[in-house]
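Chemist: Chains as they are written, first to last, in my numbering: chain X, 15 to 513; chain Z, 114 to 262.
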Amino acid sequence: MYNAVVNELIGSLGLIKPELALLVTFVVVIIADLIFKNNKVNLGLSILGTIVSGIFLIGMSGTNTSAFANLIAVDPFSEFFKYLILISTLIVLVMSEFSEELHNRDVWMGEYYMLVLGMALGMFLLAGATNLIMIYLALETMSMSSYILSGYTKEIKRSSEASLKYVIFGSLSSGIMIYGMSILFGMTGSLDLYAIQSYLAANGFFQPAIFISGLMVIAGFAYKISAVPFHFWTPDVYEGSPITITAYLSVASKAAGFAVLVRFIKLTFFDAAGSSDESWIMMNSIPWDMVLAVLAVATMTLGNIVALWQSNVKRMLAYSSIAHAGYLLMGIVVMTNTGLMSILVYFFFYLLMNFGAFIVVMLFAHKIGSEEMDDYEGIGYQAPVLASLLTLFLVSLTGLPPTAGFIGKLVLFGAVLDSGWYWLAVIGVLNSVVSLYYYAKVVRNMWLRKVDNGKGTLKFSIQSQALVMVLGIPTLVFGLFFGPIMRWAEHSVRIFLGN
Amino acid sequence: MLIDYSVVLVYLIVGVLFVAAGIVTAALIRPSRPNPRKNSTYESGEEPIGSPWIQFNNRFYIIALAFIIFDVELVMLFPWATAFKEIGWFAFWGMIVFAFILALGLAYDWAKGLLDWEKPNPQIPSLDELVITREQYLDELKKKEQTGN
């Protein structure tokens, strides 16, 4: 009786090789930590495992099936996000090596690497999940690891406070999400997103119930991507966590959240046939696009306006990442090929700029001991290389040419205007203009204020500078040669929307 | 469709009423004659000694946490055991991997010292502090006279 199920399971094992590689790395790091008790070995094994997982991922390019009987989808869309998550994990692992916050405090790093790998595994599964329970499981795997990681330096009170706030808000939002999922399950009798869609398309449904349950599930995802009004955890958690984890949360966690948000909305609330390059073909006129548009506007506006008042660079970057989530939500509102492609392209460039900015802030914080903007005065003359790279990243975050951030915003606003959402694009552009102020404030402090605090030239290690350059040069290059990225994103999205 | 849930509503109301009626009626009918013996805490028939609020060790928390994990593993083992014979080797290796990961967790707990039962170490004062010489005693007496008895 079980033969078919077992054959399906064995056949699907080959499809999740990257996740299996991450799992094996996780187990190997635990064993190595118990035997060798050496942090360098742990770091080396984690990086090796991530690279092996990347090799498997490259070997699987082009697959477009679903594994384990519609539990996980292995398609180019999830593959794109898995690449983003892998690159983020590698950068975070290398960045952790340079972080004095973690190494000066006599904190054992073995569990840190294990948890980062666990979080990466959860994000991998989330990027491909097409079953309600799989979504919840992967989301919780990712969240639990990040709860612990955000409070990793527990002697610093702010870090423990950040972790506690994150746990409480996160558990609440997970509870709301699973309640919405249970209502959805109760109405359709199935957990599989494809089956839910065909049931809803074929039979009638009780409209308020679908609306409320869908809203609750989207609320759970919106928590992860820090959309307003579910963003309350973001500034405190980003400010309190070790800066490596802040960077990881702001990029990879958001990427996985967006992947599952797009997949959920697309697979559940759209008619199966007739999804062409047009605007939303909604189910029974529930205006999901208006809901998401309101969310996008609120997120952008709040993120940009509150960032204006910030004097702590880390907190400012936290609010700026909320604003960027708002721009990305605009891309979901226009659920066309170009809209989704623009999200992917924007995410790729956002990874480069955000990680670059966070790494430079971390390196500066080591030398001058502070993360306040006022303490950045004159640092342009003390650390010219890193300060100019930070300037590049901030310019790219604003969206000025010739950086990659400009291309991302160009593609995004182009897609929004193409679909006729003029008012949304206008609000987006106005918000970008407002964001110039708080990014330029840091630049002004670095270069246009000369302060003689007697420190002289600040020296940074070659490896940390090399890491920042590895992120900075593509930011500049992709601002001019962005063709390959666009083609890759379009390829990832076309097959997904064709489903 | 909403009308189908009327059964649930009736069930809810009757349940609440059932409990409330019992409690309220009892409170109205029964006599109320408290005395100190009746109000004191129950301690298996003995006289209650000390405060009922004791501080219990948080070593128990670690044990409870580990118990939950392995209890859930046990719950996963039961359905596996029923279908094991039909599936054969795949089920065997699958469960070996699952149990191995959990056993690894136990080994991690053990090696990191999380299962150590830490005994509290009371500070017993040494003999030097308890016994003083005659000179020290007279010095202390003099100091007490100077500061005013």
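Each residue gets a CB set at the ideal place from its N, CA and C atoms; glycine is no exception.
Please state the DSSP three-state secondary structure of I136 of chain Z.
Modeler: If DSSP states are grouped into helix, strand and coil, I136 of chain Z belongs with the helices.
Chemist: Kindly indicate the opening and closing residues of the alpha helix (DSSP H) around V347 of chain X.
Modeler: Start and end: 327-347.
Chemist: Quick one: is F203 of chain Z near chain X, going by C-beta distance under 7 Å?
Modeler: Closer than 7 Å: yes.
Chemist: Taking 6 Å as the limit between beta carbons, can you name the residues of its chain near V430 of chain X, skipping five residues before and five after?
Modeler: Same-chain partners within the cutoff: M344, V348, L438, A439.
Chemist: Starting from the beta carbon of V20 of chain X, find every residue of chain Z whose beta carbon is closer than 7 Å, and list them in chain order.
Modeler: Result: I200, F203.
Chemist: Determine whether the beta carbon atoms of A310 of chain X and G271 of chain X lie at a separation below 7 Å.
Modeler: Taking 7 Å as the Cβ cut-off, A310 of chain X and G271 of chain X do not qualify as a contacting pair.
Chemist: Is the distance from the Cβ of Y452 of chain X to the Cβ of L322 of chain X below 7 Å?
Modeler: Closer than 7 Å, so yes.
Chemist: In chain order, what residues of the same chain have a beta carbon less than 8 Å from the beta carbon of E292 of chain X, not counting five sequence neighbours either side?
Modeler: Since pLDDT at E292 of chain X reaches only 42, below the 50 mark, its modelled position is unreliable, and no value is offered.
Chemist: Quick check: what's the CA-CA separation for I224 of chain X versus L198 of chain X?
Modeler: Using only the alpha carbons, I get a separation of about 7 Å.
Chemist: If you draw a straight line from the alpha carbon of F427 of chain X to that of I101 of chain X, how long is it in whole angstroms?
Modeler: Going from the Cα of F427 of chain X to the Cα of I101 of chain X covers about 26 Å.
Chemist: Starting from the Cα of L129 of chain X, find the closest Cα among X:L411, X:I441, X:T39, X:K328 and give me that residue.
Modeler: If we check each option's Cα against that of L129 of chain X, X:T39 comes out closest.
Chemist: Could you check where the alpha helix (DSSP H) with V265 of chain X kicks off and where it finishes?
Modeler: It is not in any alpha helix (DSSP H) - V265 of chain X carries neither H nor E in the DSSP assignment.
Chemist: Compute the beta-carbon to beta-carbon distance between N318 of chain X and A337 of chain X, rounded to the nearest angstrom, for a pair I have assumed lies under 8 Å.
Modeler: 5 Å between Cβ atoms; contact.
Chemist: Is the distance from the Cβ of L377 of chain X to the Cβ of F474 of chain X below 7 Å?
Modeler: Yes, the Cβ-Cβ distance between L377 of chain X and F474 of chain X is below 7 Å.
Chemist: Find the nearest neighbour of N118 of chain X within the set X:L358, X:H380, X:F362, judged by alpha-carbon distance.
Modeler: The candidate whose alpha carbon is nearest that of N118 of chain X is X:H380.
Chemist: Taking all protein chains shown into account, decide if A287 of chain X is buried (16 or more other Cβ within 10 angstroms of its Cβ) or exposed.
Modeler: Unreliable placement is indicated for A287 of chain X, whose pLDDT of 43 sits below 50; the coordinate value is still reported in the next sentence. Exposed: under 16 other Cβ atoms inside 10 Å.
Chemist: Does any residue of chain Z have a CB that is nearer than 7 Å to the CB of A287 of chain X?
Modeler: Here A287 of chain X scores only 43 on pLDDT, less than 50, and its place in the model is too uncertain to base an answer on.
Chemist: On the premise that I99 of chain X lies in contact with F138 of chain X, defined as a C-beta separation below 8 Å, what is that separation, rounded to the nearest angstrom?
Modeler: About 6 Å separates the two Cβ atoms, so the contact holds.
Chemist: For W294 of chain X, name the three-state secondary structure that DSSP assigns.
Modeler: For W294 of chain X, the predicted structure reports a pLDDT of 47, less than 50, and the residue's modelled location is therefore unreliable. The matter cannot be settled from this model.
Chemist: Rounded to whole angstroms, what is the Cα-Cα separation between I279 of chain X and F407 of chain X?
Modeler: Their Cα atoms are separated by approximately 32 Å.
Chemist: Mind listing the chain X neighbours of A196 of chain Z? Cutoff is C-beta to C-beta under 7 Å, in chain order.
Modeler: Simply Y16.
Chemist: Per DSSP, D206 of chain X is paired with what?
Modeler: Paired residue(s): X:N145.
Chemist: Apart from the five residues on each side of it in sequence, which residues of its chain come closer than 6 Å, Cβ to Cβ, to Q602 of chain X?
Modeler: Because chain X in this structure spans residues 15 to 513, residue 602 of chain X falls outside the shown range and cannot be described.
Chemist: Taking only the alpha-carbon atoms, compute the straight-line gap between S356 of chain X and G419 of chain X and give it to the nearest angstrom.
Modeler: Whole-angstrom Cα-Cα distance: 12 Å.
Chemist: Roughly how many angstroms lie between the CA atoms of E186 of chain Z and P256 of chain X, to the nearest whole one?
Modeler: If I take the Cα positions, the gap works out to 34 Å.
Chemist: Please go through the segment 215-267 of chain X and give each complete alpha helix (DSSP H) segment of 4 or more residues, from N-terminal end onward.
Modeler: For the segment 215-267 of chain X, whole alpha helix (DSSP H) runs of length 4 or above, ordered along the chain, are 221-238, 248-254, 257-262.
Chemist: Any C-beta of chain Z sitting closer than 7 Å to the C-beta of L48 of chain X?
Modeler: Chain Z, which has a Cβ nearer than 7 Å to the Cβ of L48 of chain X, makes this yes.
Chemist: With the cut-off set at 7 Å, would you say T258 of chain X and S159 of chain X are in Cβ contact?
Modeler: No.
Chemist: In chain Z, which residues lie with their C-beta within 9 Å of the C-beta of V41 of chain X?
Modeler: Going along chain Z in sequence order, the residues near V41 of chain X (Cβ under 9 Å) are F213, I214, L217.
Chemist: Can you tell me which of X:T471, X:T417, X:H245 puts its alpha carbon nearest to the alpha carbon of S334 of chain X?
Modeler: Selected option, being the one with the closest Cα: X:H245.
Chemist: Just to make sure I have the definition right: I need the residues of chain X whose C-beta is within less than 7 Å of the C-beta of Y221 of chain Z. Which are they?
Modeler: Neighbours of Y221 of chain Z on chain X, chain order: I44, L48.
Chemist: Identify the contact partners of I24 of chain X in chain Z, using a Cβ-Cβ distance below 9 Å as the criterion.
Modeler: Going along chain Z in sequence order, the residues near I24 of chain X (Cβ under 9 Å) are F203.
Chemist: Hey, E253 of chain X and R329 of chain X are a contact pair by Cβ (cut 8 Å); roughly how many whole angstroms apart?
Modeler: At roughly 5 Å, the Cβ-Cβ gap stays under 8 Å, so E253 of chain X and R329 of chain X are in contact.
Chemist: Have a look at A87 of chain X and A209 of chain X and give me their C-alpha separation to the nearest angstrom.
Modeler: Roughly 14 Å between the two C-alpha positions.
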